[in-house]
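Asker: Our numbering puts the first residue of the sequence shown at 1212, with every later residue one more than the last.
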Amino acid sequence: MNSTIAARSDLIERNAAPATARARRQFPFSAIVGQDEMRLCLLLAAVDPGIGGVLVMGDRGTGKSTAVRALAALLPPMRVVDGCPYHCDPAGDAGACPVCSETLGERREKLAPVPTVDLPLGTTEDRLVGALDLERALVDGVKQFQPGLLARAHRGFLYIDEVNLLEDHLVDLLLDVAASGENVVEREGLSLRHPARFVLVGSGNPEEGDLRPQLLDRFGLAVEVSTSRVLAERVEVLRRRDAFDTDSAGFLGQWAEAERELGARVLAARVRLGSMTTPDDVLELSARLCMALGTDGLRGELTLLRAARALAAFDGAEMIAPAHLRRVALPALRHRLRRNPLDEAGAAPRVERALADLFGAA
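1) Residue 1356 and residue 1384: beta carbons closer than 8 Å?
2) Please determine, among 1336, 1509, 1515, the residue with the shortest C-alpha to C-alpha distance to residue 1533.
3) For residue 1438, does the count of other Cβ atoms within 10 angstroms reach 16, so buried, or fall short, so exposed?
4) Helix, strand or coil, according to DSSP, for residue 1546 in the structure here?
5) Compute the Euclidean distance between the alpha carbons of residue 1247 and residue 1485, then round it to the nearest angstrom.
6) Where do the N-terminal and C-terminal ends of the alpha helix (DSSP H) with residue 1322 fall, by residue?
7) Start and end of the alpha helix (DSSP H) containing residue 1385?
8) Is there a Cβ of chain D sitting closer than 8 Å to that of residue 1501, yes or no?
9) Is residue 1332 near residue 1373, with beta carbons less than 8 Å apart?
10) Would you kindly work out how many angstroms separate the C-alpha atoms of residue 1319 and residue 1483, rounded to a whole number?
11) Judging by CA-CA distance, which residue of 1325, 1342, 1358 is the nearest neighbour of residue 1310?
12) Considering only C-alpha positions, which residue in the set 1283, 1489, 1376, 1510 is nearest to residue 1369?
13) Please classify residue 1488: does DSSP put it in a helix, a strand, or coil?
14) Exposed or buried, what is residue 1302 when buried is set at 16 or more other beta-carbons lying within 10 Å of its beta-carbon?
15) Alpha carbon to alpha carbon, how far is residue 1528 from residue 1518?
16) Of the choices 1535, 1513, 1504, whose alpha-carbon is the least far from that of residue 1557?
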């Protein structure tokens, strides 16, 4: 049995150690062709994770998963507590998890890549939230918690492909954790909590079903993607993908400078967020827009403002302008509208009409 545990530990280390190497092999985010709205929303979520994540719905094969993994690889390594399975920040939440609380004053720091964790559709509840390590309990008689996917995703990205097919009980768990930023485990004689703050990114095909309203509302931004109908754009996609598959090292070298510049721009925007000012006319415009669309609650306005602030910081501005508000209005509000059976145009045209009425046709 001890050899089984040792083999299992070696497997975990082999899977975890090459994370940086795997990140380097990701298709460059700056080399993605088209899908401007999706790329912008992912960047804004990286600038301000408090926006609430991104939902990307559309055709298969439109670069949804490629963009998510490329974004995590774009970001520079983050500082973590060495040996902490929750990637605690030494300058921030270190001590909030069970491991760091026990090693207070003895912690060492290291750099680690920003995690991107996939949540497969067949994931069990134990795999998601964590559970008792049965092998350790049986062999050593020690009751030890085995962290799950939520722990691995802390301070990174939790990616759910086919999110509209996710089982209801897992949706309920995600909603609780997304609201609190903390995973609370009370099961099998275990009682603990650990930080679990991540950017939730979901993708799916709308033909396979709708999301539960509670989960849909939890996403800060929603994007609709489709296969390009522009010949030159499709040819450029083929050219870049073929170059990457043929000589990935050479292709990554060509885009290395663009990746560094984009990553530095995201980091600079994070720093600028705290000093960004919000004029009263922007507050009024956001409230008037949401009132015109009839959105429920105030989450629409708050998300709209956060996204506009992140965009202004990303653009290097000192304050939010109405133009920033207009650029993020569609992804921030399209999924928050009540369905109108008398309006067959859909959510996007309704937002566009309200924007035209409020901001002018230009």
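Glycine included, every Cβ here is placed at the ideal spot set by N, Cα and C. Keep in mind it's a predicted model, so treat the numbers as computed, not measured.
Answerer: In brief:
1) Taking 8 Å as the cut-off, the beta carbon of residue 1356 is found no closer than this to the beta carbon of residue 1384.
2) It is 1515 whose Cα lies nearest to the Cα of residue 1533.
3) With fewer than 16 Cβ atoms within 10 Å of its Cβ, residue 1438 is classed as exposed.
4) Three-state result, residue 1546: helix.
5) Rounded to whole angstroms, residue 1247 and residue 1485 show a C-alpha spacing of 26 Å.
6) Per DSSP, residue 1322 belongs to no alpha helix (DSSP H); it is in the beta strand (DSSP E), 1320–1323.
7) Counting along the chain, the alpha helix (DSSP H) containing residue 1385 begins and ends at 1379–1391.
8) Included in the structure is just one protein chain, with no chain D present.
9) Yes. Within cutoff.
10) Taking the straight line from one Cα to the other gives about 29 Å.
11) That would be 1358, whose Cα lies nearest to the Cα of residue 1310.
12) The shortest Cα separation from residue 1369 among 1283, 1489, 1376, 1510 belongs to 1283.
13) In the structure shown, residue 1488 adopts extended strand secondary structure according to DSSP, grouped into three states.
14) Counting Cβ neighbours within 10 Å, residue 1302 comes out exposed, since fewer than 16 surround it.
15) One alpha carbon belongs to residue 1528, the other to residue 1518, and they sit about 14 Å apart.
16) For residue 1557, the nearest C-alpha among the options comes from 1504.
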